[in-house]
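Asks: One structure follows; several queries about it will come next.
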Amino acid sequence: MTDQDKQPTGDQSIGDKAKPQSAPLVRAPLRGEVPRRGLLLTAWLIFGAGVTGMVGAMTRFLFPNVLYEPPQEFKAGFPAEYAIDAVDTRYKASNAVWIIRESKGFYVLSTVCTHLGCTPNYLVAEEKFKCPCHGSGFIKSGINVEGPAPRPLERFKITLAEDGQLLIDKNTKYQQEKGQWGLPGSYLEYVG
Ligand code: FES
Numbered sequence: 031m032t033d034q035d036k037q038p039t040g041d042q043s044i045g046d047k048a049k050p051q052s053a054p055l056v057r058a059p060l061r062g063e064v065p066r067r068g069l070l071l072t073a074w075l076i077f078g079a080g081v082t083g084m085v086g087a088m089t090r091f092l093f094p095n096v097l098y099e100p101p102q103e104f105k106a107g108f109p110a111e112y113a114i115d116a117v118d119t120r121y122k123a124s125n126a127v128w129i130i131r132e133s134k135g136f137y138v139l140s141t142v143c144t145h146l147g148c149t150p151n152y153l154v155a156e157e158k159f160k161c162p163c164h165g166s167g168f169i170k171s172g173i174n175v176e177g178p179a180p181r182p183l184e185r186f187k188i189t190l191a192e193d194g195q196l197l198i199d200k201n202t203k204y205q206q207e208k209g210q211w212g213l214p215g216s217y218l219e220y221v222g
């Protein structure tokens with residue numbers, strides 16, 4: 031075969047050059063049509079969110095439903111730290127009690143209004159507890175004297191601990207209208 035035989039014919043070389051490079055055809059999404067890749071991603075996101083929610087809910091059951099409250103029994107310092115004839119408010123916010131010292135001893139009042147449970151304020155000048163919700167008033171002993179409160183403030187047990195500190199026990203309460211303010215524990219006799 032001669033070199034002439036190996037040369038491509040004129041028709042062959044023109045045909046090769048004219049052939050366009052074939053690229054994969056991608057159909058453009060029609061109007062309103064969501065691309066399949068987007069649909070898959072959305073499905074995975076929803077699935078992931080669902081799994082995360084379930085794991086979170088299951089984890090929540092692993093921990094007990096504990097309500098953290100201040101202890102019902104607590105020491106409240108030494109008697110000498112309290113001024114005579116004063117309403118001491120240092121345990122109002124933390125333990126919801128007022129501690130009152132008289133010349134003969136101590137008693138403890140609940141800070142819960144006996145009307146609907148609001149927290150009264152002690153007004154030093156007027157020497158009374160005044161509830162900001164509906165205006166109930168209580169004198170220093172805890173007796174209700176004005177407003178809708180139907181009964182006196184409650185008292186809690188107070189004794190002396192072995193180390194000489196005041197020991198308040200909110201598990202034991204005393205109600206005046208039931209004649210309980212005369213019971214042992216409702217009043218701590220102390221002359222210091
Ligand atoms: S809650 Fe105190 S007066 Fe109503």
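Residues 31 to 222 in our numbering are what the sequence shown spells out, letter by letter. Note that the Cβ used here is the ideal one computed from N, Cα and C, for glycine as well. Quick caveat, the model's predicted, so the values are computed rather than measured.
Taking DSSP as the reference, what is the three-state secondary structure of Leu70?
Replies: If you number the sequence shown from 1, residue 70 lands on position 40. Residue state, collapsed to three classes: helix.
Asks: What number of angstroms, rounded off, separates the C-alpha of Phe136 from the C-alpha of Leu218?
Replies: Against the sequence shown, residue 136 aligns to sequence position 106. Against the sequence shown, residue 218 aligns to sequence position 188. Distance between the alpha carbons of Phe136 and Leu218 is about 5 angstroms.
Asks: Return the residue from the list Lys134, Lys170, Ser216, Ser133 that minimises the CA-CA distance to Pro226.
Replies: Here the chain comprises residues numbered 31 to 222, so residue 226 is not present and cannot be evaluated.
Asks: Just to confirm, does Ala126 get its C-beta within under 7 angstroms of one of the non-hydrogen atoms of the ligand FES?
Replies: Here the question's residue 126 lines up with position 96 in the sequence shown. Here the distance from the Cβ of Ala126 to the nearest heavy atom of the ligand FES is not below 7 angstroms.
Asks: Mind the definition here: the segment 100-108 touches the segment 142-157 only if three or more C-beta pairs lie below 8 angstroms; say whether that holds.
Replies: Not touching, per the Cβ criterion.
Asks: Mind listing, in chain order, the continuous alpha helix (DSSP H) runs of no fewer than 4 residues lying wholly within the segment 106-133?
Replies: 122-125
Asks: Is the CB of Gln195 under 8 angstroms away from at least one CB in chain D?
Replies: In the displayed structure, chain D is absent; only one protein chain is listed.
Asks: Look at Leu139 and Arg185 and say whether their C-beta atoms are less than 8 angstroms apart.
Replies: The residue you call residue 139 lines up with position 109 of the sequence shown. The residue you call residue 185 lines up with position 155 of the sequence shown. Taking 8 angstroms as the Cβ cut-off, Leu139 and Arg185 qualify as a contacting pair.
Asks: Please name the residue or residues paired with Thr189 in a DSSP beta bridge.
Replies: Taking the first residue of the sequence shown as 1, we reach residue 189 at position 159. According to DSSP, Thr189 bridges with Leu197.
Asks: Determine the burial state of Val127: buried for a count of at least 16 other Cβ atoms within 10 Å of its Cβ, exposed for fewer.
Replies: Numbered from its first residue, the sequence shown carries residue 127 at position 97. Val127 should be labelled buried.
Asks: What is the DSSP secondary structure of Glu184, counted as helix, strand or coil?
Replies: Position 154 of the sequence shown, counted from the start, is the residue given in the question as residue 184. Glu184 carries a coil assignment under DSSP once its states are collapsed to helix, strand and coil.
Asks: Let me know the beta strand (DSSP E) ranges lying completely inside the segment 133-160, each 3 residues or longer, listed in chain order.
Replies: 135-140, 151-153, 158-160
Asks: Would the beta-carbon of Thr141 fall within 8 angstroms of that of Lys158?
Replies: Counting from 1 along the sequence shown, the entry for residue 141 is found at position 111. Counting from 1 along the sequence shown, the entry for residue 158 is found at position 128. Contact: no.
Asks: Do you know offhand how far Ala87's Cα is from Ser124's?
Replies: Taking the sequence shown and counting its residues from 1, the one referred to as residue 87 is at position 57. Taking the sequence shown and counting its residues from 1, the one referred to as residue 124 is at position 94. Distance between the alpha carbons of Ala87 and Ser124 is about 33 angstroms.
Asks: DSSP state of Lys203, grouped into three classes?
Replies: As a working mapping, residue 203 is identified with position 173 in the sequence shown. Three-state result, Lys203: strand.
Asks: The ligand FES and Ser166: does any heavy atom of the ligand fall closer than 7 angstroms to the residue's C-beta?
Replies: The residue labelled residue 166 in the question sits at position 136 within the sequence shown. Yes.
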